[in-house]
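See below for the structure under consideration.
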Amino acid sequence: MVQAHRIKAIALVGCTAVGKSDTAIRLAKRFNGAIVGADSMQIYRGFDIGTGKLKQSERGGVEHSMIDIVDGDASFSVGEYVELAAKEIDRIHAGGKLPIVVGGTGLYVNSLFSGYNFAGQPKNDDVRTALKISSHFVGCMHELLALADDKSAGDIARNDVKRTLRALEIYYTGGKPKSAAVTVDKPYDDLSIVLTLPRETLYEKINARVHAMFDDGLIEETIGLLKYKNCQAMQALGYKQIAESPDTPREELEALVAQKTRNYAKRQMTYFNNMKLHKVFIDARDYDSIEKCVATFLGDGNE
416 MVQAHRIKAI
426 ALVGCTAVGK
436 SDTAIRLAKR
446 FNGAIVGADS
456 MQIYRGFDIG
466 TGKLKQSERG
476 GVEHSMIDIV
486 DGDASFSVGE
496 YVELAAKEID
506 RIHAGGKLPI
516 VVGGTGLYVN
526 SLFSGYNFAG
536 QPKNDDVRTA
546 LKISSHFVGC
556 MHELLALADD
566 KSAGDIARND
576 VKRTLRALEI
586 YYTGGKPKSA
596 AVTVDKPYDD
606 LSIVLTLPRE
616 TLYEKINARV
626 HAMFDDGLIE
636 ETIGLLKYKN
646 CQAMQALGYK
656 QIAESPDTPR
666 EELEALVAQK
676 TRNYAKRQMT
686 YFNNMKLHKV
696 FIDARDYDSI
706 EKCVATFLGD
716 GNE
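Residue numbers (this note's numbering): 416 to 718.
Here is the structure:
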């Protein structure tokens, strides 16, 4: 239910290559909106081709934020995303525009709209280092988390080393489970629109997008970023595969990246299906229904 004292915000999410960016720009023009990125890799400067960043000339004059905000050697957390994105939403709203959160990182959107407050949660480099040394025992780490914080363990995939480590760091540093330490204050009247496509159509678009990225110079871009090879940013699809084997023929690399991207799209949709937010699923090709859905949510008399 919409509450008048809360900021209205929408999110446009979906698998990679489903068509989020183009749809978001159309919605921003229609509803006087500004876009807040929700992509865990578009935050990195210089990682352009492989993350599908739009050039300024492709943004249709629509403001975009939360893109190119840190260097490739930065470690960036969900909590930091929520803090910065919330400020952008406040600023956009204060300027009389509609905040439109756009991206494929469901964890970012879920944490932002659910109101999880990570601010002030403890960090300890010694604890983090000790945990990282043991991180190759992934199953044991997750079992350890289950003993310390069963609720967080249930929300984190068994093979998600990064989030498992962070939850254990909070527990061992602050003495409280992450699930108890992280506060919840739902700040927005929000609507998440999950864009969908039939699987074969989506896979065709993914294959075409990956092919275009290689044509645009993804291999060369990655080679120019190899100084970040051991950094979080280089875990992005495409960059990771090329960095690990830059001399592999393009055809093999392209096929591998396309396969990995299709697999990632499956995981994205599973996450969106399970995301406990006010959400609707709409075919990405049906723009009229998407626009009508937003207009209804906003109470736009011109829908």
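The beta carbon of each residue, even a glycine, is placed where N, CA and C say it ideally should be.
Report the three-state DSSP secondary structure of residue i (helix, strand or coil).
| i | result |
| --- | --- |
| Ser472 | helix |
| Thr676 | helix |
| Val709 | helix |
| Gly434 | coil |
| Ser480 | strand |
| Phe491 | coil |
| Phe696 | strand |
| Gly429 | strand |
| Ile621 | helix |
| Met556 | helix |
| Leu640 | coil |
| Ser660 | coil |
| Leu652 | coil |
| Ile440 | helix |
| Thr466 | coil |
| Asp575 | coil |
| Lys691 | coil |
| Gly530 | coil |
| Lys591 | coil |
| Gly632 | coil |
| Glu667 | helix |
Between residue i and residue j, what straight-line distance do the alpha-carbon atoms span, to the nearest angstrom?
| i | j | result |
| --- | --- | --- |
| Ala699 | Val709 | 14 angstroms |
| Val451 | Val517 | 6 angstroms |
| Phe687 | Leu427 | 11 angstroms |
| Ala572 | Ala424 | 28 angstroms |
| Asn622 | Ala500 | 31 angstroms |
| Glu718 | Asp701 | In this prediction, Glu718 has a pLDDT of 43, which is less than 50 and means its spatial position is unreliable; what the coordinates show is noted afterwards. Each residue's Cα considered, the two are about 15 angstroms apart. |
| Gln674 | Met481 | 28 angstroms |
| Glu495 | Ser455 | 11 angstroms |
| Arg614 | Val672 | 18 angstroms |
| Thr616 | Ile705 | 19 angstroms |
| Gly475 | Lys620 | 22 angstroms |
| Arg578 | Leu562 | 16 angstroms |
| Lys591 | Ser567 | 12 angstroms |
| Asp570 | Val477 | 35 angstroms |
| Met556 | Glu584 | 11 angstroms |
| Lys601 | Phe528 | 7 angstroms |
| Gly510 | Tyr654 | 37 angstroms |
| Leu395 | Val625 | Since the displayed the chain opens at 416 and closes at 718, residue 395 lies outside it and no answer follows. |
Tell me residue i's beta-bridge partners as DSSP assigns them.
| i | result |
| --- | --- |
| Ala424 | Asp605 |
| Val524 | According to DSSP, Val524 bridges with nothing at all. |
| Ala449 | Pro514 |
| Leu499 | Partner(s): none; Leu499 has no beta bridge. |
| Leu610 | Gly429 and Ile697 |
| Tyr379 | One cannot answer for residue 379 here, as it falls past the ends of the chain, which runs 416 to 718. |
Should residue i go down as buried or exposed, given a rule of 16 or more other Cβ atoms within 10 Å for buried?
| i | result |
| --- | --- |
| Ala627 | exposed |
| Gly716 | Note on Gly716: pLDDT 46, under 50, position unreliable in the model; no value is reported. |
| Val417 | No answer about Val417 holds up, because its pLDDT of 44 lies below 50 and its placement is not dependable. |
| Thr438 | buried |
| Leu559 | buried |
| Gln457 | buried |
| Arg581 | buried |
| Leu612 | buried |
| Gln471 | exposed |
| Lys691 | exposed |
| Phe462 | buried |
| Gly465 | buried |
| Val524 | buried |
| Ala419 | Its pLDDT being 48, under 50, Ala419 is placed unreliably in this model, and the value from its coordinates should be taken loosely. Ala419 comes out exposed. |
| Asp505 | exposed |
| Ala670 | exposed |
| Phe712 | buried |
| Lys468 | buried |
| Thr685 | exposed |
Meets three-Cβ-pair contact criterion under 8 angstroms: the stretch 426-446 and the stretch 628-638: no
The stretch 643-663 touching the stretch 476-493, judged by at least three CB pairs closer than 8 angstroms: yes
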